[in-house]
Each structure stands twice: as C-alpha cells, then as structure tokens.
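Number of protein chains: 2
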Amino acid sequence: MPSTSLSFASRDAHRAWLAAQARLPAGFRCGATRFAFTPFEVAKPARMTVTVIALDQPTDAFAAMFTRNAFPGAPIIVGRKRLAAPRLGAVVVNNKISNVCAPGGVETAERICTEAGKKLGIASDEVLPSSTGVIGWRLPEDAITANLPAAVAALQAESILPAAEGIVTTDLYPKIRRADLAGGSIVGIAKGAGMIEPNLATMLVYLLTDLDVGRDDLRAALTAAVDGSFNCMSIDSDTSTSDTVALLSSRRVPCPDLAAFSQALARVCADLAEDVARNGEGVHHVIRAAVTGAPDRDCARAIGKSVVNSPLFQCAVCGNDPNVGRLVCAIGKEVGRNRPGLDLSRLRLTLGGRTIFADGAFRLDPSAEGALVAHLKGAELYASGPAKDGVFTPPIDFPPHERAVEIGIDLGIGNAMGTVIGTDRSHEYISENADYRS
Amino acid sequence: MPSTSLSFASRDAHRAWLAAQARLPAGFRCGATRFAFTPFEVAKPARMTVTVIALDQPTDAFAAMFTRNAFPGAPIIVGRKRLAAPRLGAVVVNNKISNVCAPGGVETAERICTEAGKKLGIASDEVLPSSTGVIGWRLPEDAITANLPAAVAALQAESILPAAEGIVTTDLYPKIRRADLAGGSIVGIAKGAGMIEPNLATMLVYLLTDLDVGRDDLRAALTAAVDGSFNCMSIDSDTSTSDTVALLSSRRVPCPDLAAFSQALARVCADLAEDVARNGEGVHHVIRAAVTGAPDRDCARAIGKSVVNSPLFQCAVCGNDPNVGRLVCAIGKEVGRNRPGLDLSRLRLTLGGRTIFADGAFRLDPSAEGALVAHLKGAELYASGPAKDGVFTPPIDFPPHERAVEIGIDLGIGNAMGTVIGTDRSHEYISENADYRS
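Top line first, the protein sequences correspond to chains H and G. Counting in this note's numbering, the first sequence runs from 1343 upward without gaps. Counting in this note's numbering, the second sequence runs from 1343 upward without gaps.
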C-alpha cells in the first residue's frame, strides 16, 4: 500500500509537493546543465543533461547495487570497482546515451570521472559515473567534459529537484521521495519509465542521507530495501543494462536507531518504485498483485511477475476489461513452466477485493462483471485517445496517488507472500517506443 | 526459412491457393455450423461455430500434444484421457469460449462428445473435444448439442477449408498447409493469433494424413515436428490454456518411407507456425532470430525467445527503428538471469545479414543505420494507421510470404543452434486486446 493518498488536481500543486520533498540532507549539493550534441551514430542533433551530486566531504559510508543484465553498461563496470574504493565524493550522471557496448566505453567513463574529480577537488575513484539512454551509442565525451564546469558551478545545497529533473529521459515527472527521522533525512530520486524489470537493482536511483550509518550497515539496509521494492516491480519485463541504486551518507546527523533507518529507507524505496511504475511509458493503470499462501517468497513473486508481465492481461486492464481468464492463464503459464506439480486446487483470486475464482472455477455473472469493470475504471489514471496526428501522448502529471488495480492471489499452500507492482499496456507505450525513433 | 516465397497480390489469389492446399486426405470429412448464443457471464449475444472433423472409420493411429499451462482447459483434461483410448473417430471444435476453469467444464465436454458420437455412430471416447476463446466462461452446452446435427449434416470429403475457417477467433485468415508424398498427403490447419507462446504443443492444430503410419511412429514424428516448430515461436509470451496439436491417420495409403513422412510433417508444422506468427494480433513484422554457436539447444532457444519477447525490441521493430541496443539488452537479460557467467565475449550480431556487433561493441554509423532501416522497412507487412474512430485494424490478407526481420546471434561458444519465430508489437495488438471487450 502506498504511504500517501494525495492526488494532485494541478501541476502547481504537484510542483509545490515536489519542492517540499526535495530539501537536501546536510552535507550534499547538486547541480545540472543541459547542452546540445550530435550522436556519432545517427548524425542528428540532440540534447543531453549532465547532473552532478556532490558531498561536501567524501564519505566512506556508501552503498550501490547494479543490474544483473549480462551486458552491463560501462558505468556499471566502473561502479562495481568503486564499491571497493575507500571513499565516494560525487556522482556524475548523463541522460540520452547509456554508454553500453559502445567502443571504448569504460575508458570514456573513467576519463569523465577524472575531469569531474579535478573540478571538485577529489580523486577520480571518488566519482561514481552513471549513464542512461540509448544502448550502443558512444558518449559525446568532449561535449560532456566541456560542460562539466557549468554543472559544478550550478551546485547548490537547497534542493535535489535539479538532479531529479536532470536524470530523466522519457519520464513524465521528476520522482522524489523523502523520510525525516531523528533530526536527519533520507531523500531519494529515481529515473525510469521503460526497460523496467529490475533484477537486484533498478533504473537510476540515488538515495542521500545525512544520518550517520556506517558502510556495512548502509549496504545491508540498501539490499533489504531494494529487495522488497525495486525487485518487486515490472513495467515491461526488460531488465535494463544500466540499473543502478546508490545510497550515500554524509554522516552529519547521529543515527540512534538503525532499524528505524532501515524501515524509512525501505519506505522511500517502495514509494519511488511505485512512482516509477505509475510513470511507466503509457501507463493507465498501476497493478498491484498480492500473492499469499505461497510455499516460498520466490514462488509468490514469480507468480506476481507472470501476472503483471502478461501482455494480454495488461491490455485487458488497459481497456477496463475484466478478462480474468487471462489472469488464470498467466498464473498457469508460470506454474506449468517453472513449478510443475504445484497444487493449485485451493487457489482463490480476488479483483478489487471481490472473490472471482475459488474451488477450481470462476464465479462470474453479469453483476460481478459490472463490479469488476467499475473497479478497473476507478483505478484508471486517464482515458486514452489519439491526438490529431494519430500519436498517443499521456496527459497526466501527478503522483502521489493511490489508485491501483488490486489483485489478490491466495495459493492456500504455505505462509509465504509477495507483492508485485506492474502496469497495463497501452497505445501510448507503443507510440513512445515505435511511433518515434529514439 | 519458409518453404514458399509467394506473395499474393489479391484476396482472390490467396483464396485460390487455400483451395488447392485444402484437399482432404482420403478417409476424412469435415463440416461446420455457425449459430447465435448468449454467454451466461455477460448476457450479451454472440456467435459461435462448431466444427466436426470425422474419419470414415475410427483409427488407432493418432497422436496429440497439449499445453503445459497449469490450468489446462476441460478439453485438454479429456483429451489427455483420449490418448489411452483404442481409437479416435472425430474431433469436435468450438470457438468463442475455451471451457477453461468454468464450473462443470469437464462434464460438459464429455456430454458434447457423447452427443457427437451418437450423431456419428461412434463411441463417446472416440471423440476428441477442443475449445478456444474466452477463459472462465461456461460453454453453451444446449446450443452446441442442438447445432451438432447441422455440423454433421455439412460433412464433406473434398476440402478442409470449412474447418480451417470454423476454428478461428481473431485470426485474419484460415491457415492451411499440406505436403504430398508417396501418393498420400498430410494436411494441417491451425487457429491462433494471440496468447501464443506454445509450450510442448500450441494453440489449435489439426493434422490429417491418409499415409499409413502406426500410433507409436506417429507420436514420435509429431513430438519431433512440434519441437522444432510450434515450440520455437512466440507472439506474446502468453502460453495458452488450450494448446492442442492433434495428428490423425486414416491409414489408407501405404507409407514406404517413415523418415520422409516425418520430414514432411515437420515442414507442414513449421509452415503453420510461421502462418500463425504472421497472423499474430497486430503483427507488422515477423522476426526470425537464429541463434548459433550456443553451448546447448535450450540456451539457443531461450536467448531467441528473450529477444522476440522483449516488448521494447518488439516496439522498435514495429517502428522500423534499428534500436539494436534493445537486442543486446534482451540477450543480457536472459543470460544474466538464467545463465550467469556465460562467456559473451565472442558474441556477433547481424541484422539483415549485416554485422552490427562484435568484440564487445556495436558497429554503428549513419550509413549502417540507413541499411538497417531499409531491412526493417523491407520486412514490414503493412504500415500502421488509425481509422477515423481511433481504432487500429490490420488491412492484410495474405500468406504465404517470406518477408521477415532476420536476426543472427552467434554466441561463438559451442555448436548448438536454434531458430525462434516472433513478431513485433503494434497499436493493432493493443486495439485487438484493449480497445474492444472480448
């Protein structure tokens, strides 16, 4: 369940809420700069933003998790090395090109770290690089290093909003969540709208805190928080090559309660994960599949993922069509493939709290059908329609939110459970990913 | 590679080709009838077709394979029992409702077999039932049994076309393929357009032959043919609850060469599989991912499936956008998840025969980009555009065909290979599955 139930009526109200979320913890600054460049591969002008997040003093308290995709981007390869470094002092992020499988990508990422380090007065290996965007293209290294001074000059200690806005690609809105506790705070930002089925970590997420938690505790807390949030969501089943979650502490504020810190961190991650899902490319409905009574947690999550990743079920939800047969198909597909022999005779399904399946058969009639349609319509973010040119573009601009399609899947076998967040599939997703060239 | 390279300029030419494919083998008849009914669950009138395929004499030479989905339809449950029966004399198929997880579904299927058996003068357990359509709804048993006499009265020994047309749901065209050998023939028909990632068997496929091959040889040949055809394709990764492939021999013509029979059967299955993919809901491009140099066949197929099932790559292909980074992402997703540690350093990728990736990096520039766009456009079946009401409907009406997006994935590790057939993802798929209620 989301921790907030606000629903903004206007872009202004959303901006005001974002500004309040965005206050930086003590000891951090951020800045960003935007510039034009021409990708080598297509020779067509484009625009890129470089974002810098810097600590006032490099810290030994940092954690990071990266994608399990077998073709990690160059920044991931460099970032894994950074985990062993004594301190981290800054993160440098560019959008538009992800620096994955591009010739000389690792060397390019390292040189950008060196340049950024010079400007910030810290060592190369105290800079964590991050990139997101098109896979396979080369970073415009000269343009980036030429514009680094402007990003550094823009550093300020008030708001993380410039960073939240700087790291996005097709995102509809900046994603910022915070938790305040014990006189300090945890503030997180996320980039992500497509190529989202995180595996171990996710898209780009930066979590900053001034609470003094040491490196080992920080890494354990991050692993736990990611496991129950970003690892339990999928927009399109495509695990990115650039997934990164980094957590940095400036150690400015004593942390009296590690459990409370971990809980707050988990909450921030869960909120950001839902923000990312709701901002998924072309999303009209967020789907929350809560699996209970499972023999183990992995089984619960795998069944939840199979449901939210079923293209046919996604389309049905998009059309407010309670074609719940596709729900059973998705469960049976996963069990048949990966858990053959699992006893499904006690399966119970609910949609919007209403039991629709029990004792091996559906419980459907015209009145149930009407109630299910009403639940789907109630969870719809906006109605779809093509613009005059035939292209679909989403009109919405507002988290937080609590509307979601609520699916209950009780296997009736064991005590394990898992909740997975997913999305529907719409014309807007196709327009985003097919109608336009990247 | 497809065995035909025809491309029909008109619906008439396609119909003439279908008529030639459709000649029934000796010893078979088929007939179909269409009628109105009202589903209990939505109380909205609909139309259904019941199709009967009958042997002149029940045969002991039959084979069938069924879905691995853990929620098999009632006809699958009954069909698995039929495999142990001494003889089969007929198949009765209805579309519109698949009889899956519907109350009393198995008993309904059995009663329909009994009624059909009475009309045909054969035993209940000599009738194989099949159903396709909405999951979870009840079959209109009374309407079906009331219309069985009309379907039986329509039986004729000339053409399988009425059956090929009778079993479809959202299909654009009837799918019929044949092989003639040794004075006999194998003729197959298929239904399928969505919920297609067969697992062991597929959608609805009926293969009839007059060649005299005994039960054991028939079953072995079917297993081999299905393995390399229907099990190597995916339209939307959704393994159906109703997948069925049945093969019946009337044993009228001596079969001098079992190997030639098996080869011809495999060819018919491969052609039908490609027909089904090309008829996939909203398909603009068929994608053929040929994986070579793999350590084993399962690995080759899993990587091919990951590519053709990647929503982002599907969308890029739909838009004739050579966003080949998404291809690498899909390979890395599969390897990272299921084959961590697999050495990908010798990976070579081709698109349309052109090398685009080698030595760990892409080989892209504006001229390569232009050639890749040309290959994608050359493989496009039709250009997309919404109708005046904003709904997308496909205009095409013609297999056979050989246009496909040709992807080569050489892992450079071992000697195993596998080719997977898939499709792009378009507005038409969304319109088919979201804009309209089933």
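A virtual CB, placed ideally from N, CA and C, is assigned to each residue, including glycine. What you are looking at is a predicted structure, and each value in this text was computed from that prediction instead of being measured.
Close-in-space but distant-in-sequence residues of the same chain around residue i (CB under 7 Å, 5 per side omitted)
i                  : result
LEU1590 of chain H : LEU1397, THR1401, PHE1404, LEU1430 and LEU1550
PRO1387 of chain H : ALA1378 and THR1380
ARG1561 of chain H : ALA1405
HIS1626 of chain H : CYS1660, GLU1722, LEU1723, TYR1724, SER1726, ASP1766 and SER1768
VAL1715 of chain G : ASN1662 and PRO1664
CB contact check: residue i to chain G, cutoff 8 Å
i                  : result
HIS1769 of chain H : yes
LYS1675 of chain H : yes
PRO1387 of chain H : no
THR1544 of chain H : For THR1544 of chain H, the pLDDT reaches just 48, beneath the cut-off of 50, and the residue's location in the model is therefore unreliable, leaving the point undetermined.
LEU1549 of chain H : no
ALA1642 of chain H : no
ASP1398 of chain H : no
ASN1436 of chain H : no
Neighbourhood of residue i by C-beta distance below 6 Å, restricted to the same chain and skipping five residues each side
i                  : result
ALA1532 of chain G : LYS1517, VAL1547, LEU1614 and VAL1618
ALA1458 of chain G : VAL1434, VAL1469 and LEU1490
SER1466 of chain H : CYS1455, THR1456 and GLY1459
ARG1480 of chain H : PHE1382 and ALA1444
LYS1719 of chain G : ASN1662
Below-8 Å beta-carbon distance, residue i vs any chain H residue
i                  : result
LYS1533 of chain G : no
ARG1668 of chain G : yes
GLY1646 of chain G : no
ALA1672 of chain G : yes
PHE1413 of chain G : yes
GLU1452 of chain G : no
ARG1679 of chain G : yes
ALA1845 of chain G : Because chain G spans 1343 through 1780 in this model, residue 1845 of chain G falls outside it and cannot be assessed.
VAL1442 of chain G : yes
ILE1418 of chain G : no
GLU1383 of chain G : yes
ARG1620 of chain G : no
GLU1722 of chain G : no
Nearest candidate by alpha-carbon position, reference residue i, set the options
i                  : options                                       : result
PRO1504 of chain H : H:ARG1357, H:GLU1711, H:GLU1468 and H:ALA1725 : H:ARG1357
ALA1432 of chain G : G:ALA1588, G:ALA1412, G:GLU1500 and G:ARG1557 : G:ALA1588
SER1652 of chain G : G:GLY1534, G:TYR1771, G:THR1765 and G:ARG1453 : G:THR1765
ALA1658 of chain G : H:ALA1776, H:HIS1769, H:CYS1574 and H:ALA1465 : H:ALA1776
GLU1722 of chain H : H:LEU1714, H:VAL1747, H:GLU1711 and H:GLY1525 : H:VAL1747
ALA1602 of chain G : G:GLY1624, G:ASP1580, G:ASP1559 and G:GLY1622 : G:ASP1559
ALA1374 of chain G : G:PRO1482, G:ALA1506 and G:PHE1408            : G:ALA1506
PRO1367 of chain G : G:ILE1464, G:GLN1498, G:THR1487 and G:ASN1436 : G:GLN1498
Proximal residues to residue i (C-beta, below 8 Å), its chain only, five neighbours per side dropped
i                  : result
SER1648 of chain G : ALA1672, ILE1673, LYS1675 and GLU1676
ILE1789 of chain G : Residue 1789 of chain G falls outside the range modelled here, since chain G spans only 1343 to 1780, and no answer is possible.
GLY1667 of chain G : PHE1704
ARG1389 of chain G : ARG1376, PHE1377, ALA1378, PHE1379 and LYS1438
ALA1361 of chain H : SER1501 and LEU1503
Nearest-angstrom Cα separation, counted from residue j out to residue i
i                  : j                  : result
ILE1477 of chain G : LEU1669 of chain G : 33 Å
ASN1757 of chain G : ARG1376 of chain G : 51 Å
LYS1460 of chain G : LEU1490 of chain G : 10 Å
GLY1678 of chain G : ILE1528 of chain G : 42 Å
ASP1585 of chain H : ASP1578 of chain H : 14 Å
GLU1383 of chain G : MET1759 of chain H : 31 Å
LEU1542 of chain H : VAL1762 of chain G : Any reading at LEU1542 of chain H needs caution, since the residue's pLDDT is 41, under 50, leaving its predicted position unreliable; the model's value is listed next. Using only the alpha carbons, I get a separation of about 28 Å.
THR1634 of chain G : CYS1574 of chain G : 14 Å
VAL1788 of chain G : LEU1600 of chain H : Residue 1788 of chain G cannot be examined here, being either before or after the span of chain G that is shown, 1343 to 1780.
THR1391 of chain G : ALA1451 of chain G : 16 Å
VAL1442 of chain G : PRO1637 of chain G : 38 Å
LYS1446 of chain G : SER1473 of chain G : Here the sequence assigns Gly to residue 1446 of chain G, which means Lys is not the residue at that position. Distance between the alpha carbons of GLY1446 of chain G and SER1473 of chain G: 15 Å.
VAL1394 of chain H : VAL1494 of chain H : 7 Å
LEU1553 of chain H : CYS1597 of chain H : 5 Å
ARG1365 of chain H : GLY1525 of chain H : 13 Å
VAL1510 of chain G : PRO1417 of chain G : 17 Å
GLY1475 of chain G : VAL1555 of chain G : 32 Å
ARG1453 of chain G : PRO1471 of chain G : 10 Å
GLY1369 of chain H : GLY1622 of chain H : 32 Å
> Is it a yes or a no for the segment 1515 to 1522 of chain G touching the segment 1607 to 1621 of chain G, going by three-plus beta-carbon pairs under 8 Å?
Replying inline: Taking 8 Å as the limit for Cβ pairs, the verdict is that the segment 1607 to 1621 of chain G does touch the segment 1515 to 1522 of chain G.
>> Does the contact criterion of 3 or more C-beta pairs under 8 Å hold for the segment 1626 to 1645 of chain H versus the segment 1668 to 1686 of chain H?
In response: With contact defined as three or more Cβ pairs closer than 8 Å, the segment 1626 to 1645 of chain H and the segment 1668 to 1686 of chain H are in contact.
> Given 8 Å as the limit, is there contact between the segment 1562 to 1570 of chain G and the segment 1408 to 1425 of chain G, that is, 3 or more CB pairs closer than that?
Replying inline: No: fewer than three Cβ pairs fall under 8 Å.
> Pairing CB atoms from the segment 1691 to 1699 of chain H with CB atoms from the segment 1417 to 1430 of chain G, are three or more of them under 8 Å?
Replying inline: Note that the segment 1691 to 1699 of chain H does not touch the segment 1417 to 1430 of chain G; fewer than 3 beta-carbon pairs, one per stretch, sit closer than 8 Å.
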